[in-house]
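**Student:** Once you've had a glance at the structure underneath, I'll fire off some questions.
2 protein chains.
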Amino acid sequence: MKEANEMSQAEMLYAGIQLTRPLLRNITSRLEADLEGTGIGVGERAVLEVLLAVGQATAPEITHILEVKRQFTGRLLKDLVERGLLQALPNPKHRTSSIFTLSDESRSLIECIRSTELSRLGEFCQRFSPEEIRAFYEVQRAINAEFSPAEAAISPVS
Amino acid sequence: MKEANEMSQAEMLYAGIQLTRPLLRNITSRLEADLEGTGIGVGERAVLEVLLAVGQATAPEITHILEVKRQFTGRLLKDLVERGLLQALPNPKHRTSSIFTLSDESRSLIECIRSTELSRLGEFCQRFSPEEIRAFYEVQRAINAEFSPAEAAISPVS
Numbered sequence: 001m002k003e004a005n006e007m008s009q010a011e012m013l014y015a016g017i018q019l020t021r022p023l024l025r026n027i028t029s030r031l032e033a034d035l036e037g038t039g040i041g042v043g044e045r046a047v048l049e050v051l052l053a054v055g056q057a058t059a060p061e062i063t064h065i066l067e068v069k070r071q072f073t074g075r076l077l078k079d080l081v082e083r084g085l086l087q088a089l090p091n092p093k094h095r096t097s098s099i100f101t102l103s104d105e106s107r108s109l110i111e112c113i114r115s116t117e118l119s120r121l122g123e124f125c126q127r128f129s130p131e132e133i134r135a136f137y138e139v140q141r142a143i144n145a146e147f148s149p150a151e152a153a154i155s156p157v158s
Numbered sequence: 001m002k003e004a005n006e007m008s009q010a011e012m013l014y015a016g017i018q019l020t021r022p023l024l025r026n027i028t029s030r031l032e033a034d035l036e037g038t039g040i041g042v043g044e045r046a047v048l049e050v051l052l053a054v055g056q057a058t059a060p061e062i063t064h065i066l067e068v069k070r071q072f073t074g075r076l077l078k079d080l081v082e083r084g085l086l087q088a089l090p091n092p093k094h095r096t097s098s099i100f101t102l103s104d105e106s107r108s109l110i111e112c113i114r115s116t117e118l119s120r121l122g123e124f125c126q127r128f129s130p131e132e133i134r135a136f137y138e139v140q141r142a143i144n145a146e147f148s149p150a151e152a153a154i155s156p157v158s
């Protein structure tokens with residue numbers, strides 16, 4: 001493998017993108033390890049995080065935000081409600097569906113998890129300048145947009 | 001969702017990291033779409049890419065570089081050899097194992113695929129400064145190291 005100072009811009013970008021697969025695996029393992037003892041799994045954590053961010057949401061809204069399969073969200077929501085970690089309120093717009101919100105218990109739990117994570121990430125950020133962190137974020141966003149199927153539909157296909 | 005200029009460093013880093021999952025899905029779809037008509041799949045492409053980079057390798061070496069399961073590599077290699085896309089040379093160190101190299105056909109194929117990709121990534125890079133591309137690469141590498149299980153084993157576990 002070439003050293004960073006021998007790589008062209010495109011090669012460096014490619015090498016960064018290639019880390020996506022191992023990174024996702026490493027992130028998932030770390031999330032699982034960090035959740036040990038909390039009684040919730042990675043998928044449940046994701047649902048709680050969405051509700052912490054948006055306040056309340058229906059099952060289709062949560063499914064859309066998480067970009068997962070409908071069945072996946074349905075199962076998690078049912079389980080979280082049964083364990084008292086979510087409240088299911090009637091949806092005034094749709095008689096048969098519910099609006100989900102955090103319970104006091106799950107709010108404390110996800111706030112605690114998020115604040116631990118953010119403080120760790122804050123420490124990590126110290127190794128880089130604000131410009132570097134912003135560049136990471138902006139390039140990551142642009143790559144994701146570039147590779148998204150919607151973008152592919154617009155750009156000419158050879 | 002907060003705008004970039006309202007986010008703390010840690011929040012921005014987190015938002016970038018959160019794109020890892022959709023990005024991997026988008027990359028895989030794009031790779032599949034780009035390989036249409038070449039007769040090779042995403043896994044096979046990865047094996048050819050390794051051999052283009054390292055020249056020759058045994059099955060365990062390819063497995064290690066790709067960070068995949070042994071069975072996965074074994075199946076791909078067998079299939080590629082049968083189709084004449086790889087040459088299996090006897091391994092002087094181990095009587096029962098082989099050393100794999102590209103055939104002329106697969107070398108042309110993977111060189112063509114890689115050069116198309118790199119030229120596209122080169123165009124993408126024009127949207128950012130060399131410092132930004134380098135920052136993306138360095139932050140991505142550091143995050144991957146930070147989240148890797150080996151790192152977790154070293155750092156104190158609370």
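Going down the list, the protein sequences come from chains A and B. Those letters in the first sequence? Residues 1 to 158, per the working numbering, in order. Those letters in the second sequence? Residues 1 to 158, per the working numbering, in order. Glycine included, every Cβ here is placed at the ideal spot set by N, Cα and C. Here the structure is a predicted model, which is why all the values come from computation and not from measurement.
List the residues of chain A that G16 (chain B) touches, going by C-beta distances under 7 Å, in chain order.
**Tutor:** F136, Y137 and Q140
**Student:** Exposed or buried, E111 (chain B), counting other C-beta atoms within 10 Å across all chains shown (16 or more means buried)?
**Tutor:** exposed
**Student:** Figure out for me which residue from A:L89, A:D79, A:R127 and A:L23 has the closest Cα to the Cα of E67 (chain B).
**Tutor:** For the options A:L89, A:D79, A:R127 and A:L23, the alpha carbon positioned closest to that of E67 (chain B) is the one of A:L23.
**Student:** Considering only the alpha carbon of each residue, which of A:S29, A:A10 and A:L31 lies closest to I133 (chain B)?
**Tutor:** Looking at the Cα atoms, A:A10 is the closest of the given residues.
**Student:** Comparing C-alpha positions only, which one of B:M7, B:L86, B:K69 and B:V54 sits nearest to I40 (chain B)?
**Tutor:** Nearest of B:M7, B:L86, B:K69 and B:V54 to I40 (chain B), Cα basis: B:L86.
**Student:** Helix, strand or coil: which one does DSSP assign to Q87 (chain B)?
**Tutor:** Q87 (chain B): strand per DSSP, three-state reduction.
**Student:** Check whether the Cβ atoms of S140 (chain B) and L19 (chain A) sit closer than 8 Å, and answer yes or no.
**Tutor:** Correcting the residue type first, residue 140 (chain B) is Gln in the shown sequence and not Ser. Yes.
**Student:** Would you say F72 (chain B) lies against chain A (beta-carbon separation less than 8 Å)?
**Tutor:** no
**Student:** Would G16 (chain B) pass as a contact of F136 (chain A) if the rule is Cβ separation under 8 Å?
**Tutor:** Yes, they are a contact pair.
**Student:** Chain A beta carbons: is any one of them nearer than 8 Å to that of I99 (chain B)?
**Tutor:** no
**Student:** Looking only at its own chain, which residues have a Cβ that is under 6 Å from the Cβ of V50 (chain B), when we skip the five neighbours before and after it?
**Tutor:** I62 and I65
**Student:** Report the start-end ranges of each beta strand (DSSP E) in the stretch 67–137 of chain B that is 3 residues or longer and not cut off at the edges.
**Tutor:** 86–90 and 98–102
**Student:** So, does the CB of P22 (chain B) fall closer than 8 Å to a CB anywhere in chain A?
**Tutor:** yes
**Student:** The alpha helix (DSSP H) that contains T20 (chain A), what's its start and end?
**Tutor:** T20 to L35
**Student:** Under 8 Å, Cβ to Cβ, is there at least one residue of chain D near E3 (chain A)?
**Tutor:** Among the chains of the structure shown, chain D does not appear; the protein chains present are A and B.
**Student:** Could you please give me the residues that DSSP links to A57 (chain B) through a beta bridge?
**Tutor:** B:F100
**Student:** DSSP on T38 (chain A), reduced to helix/strand/coil?
**Tutor:** coil
**Student:** Among the candidates A:L76, A:L118, A:G37 and A:F124, whose CA atom is the shortest distance from the CA of A46 (chain A)?
**Tutor:** Ranking the options by Cα distance to A46 (chain A), first place goes to A:L76.
**Student:** Hey, is I110 (chain B)'s beta-carbon within less than 8 Å of any beta-carbon in chain A?
**Tutor:** no
**Student:** If you reduce the DSSP assignment to three classes, tell me which class E6 (chain A) lands in.
**Tutor:** helix
**Student:** Would you call the stretch 51–60 of chain B and the stretch 94–105 of chain B touching, i.e. three or more CB-CB distances under 8 Å?
**Tutor:** yes
**Student:** Pull up the distance between the alpha-carbon of S129 (chain B) and that of T28 (chain A), whole angstroms please.
**Tutor:** 31 Å
**Student:** If you check the beta carbons only, do R114 (chain B) and L52 (chain B) fall under 8 Å apart?
**Tutor:** yes
**Student:** Beta-carbon of A152 (chain A) versus every beta-carbon of chain B: anything under 8 Å?
**Tutor:** In this predicted model, A152 (chain A) has a pLDDT of only 45, less than 50, meaning its place in the structure is not dependable; the value taken from the coordinates is given anyway. Answer yes: the Cβ-Cβ gap between A152 (chain A) and chain B drops below 8 Å somewhere.
**Student:** Is S164 (chain B) close to chain A, meaning its C-beta is less than 8 Å from at least one C-beta of that chain?
**Tutor:** Outside the displayed range of chain B (1 to 158) lies residue 164 (chain B), so it cannot be described from this structure.
**Student:** Along chain A, in chain order, which residues have C-beta atoms closer than 7 Å to that of S148 (chain B)?
**Tutor:** N26
**Student:** Does Q56 (chain B) get closer than 8 Å to chain A when you measure Cβ to Cβ?
**Tutor:** no
**Student:** Count the other CB atoms within 10 Å of the CB of E44 (chain A); is the residue buried (16 or more) or exposed (fewer)?
**Tutor:** With 16 or more Cβ atoms within 10 Å of its Cβ, E44 (chain A) is classed as buried.
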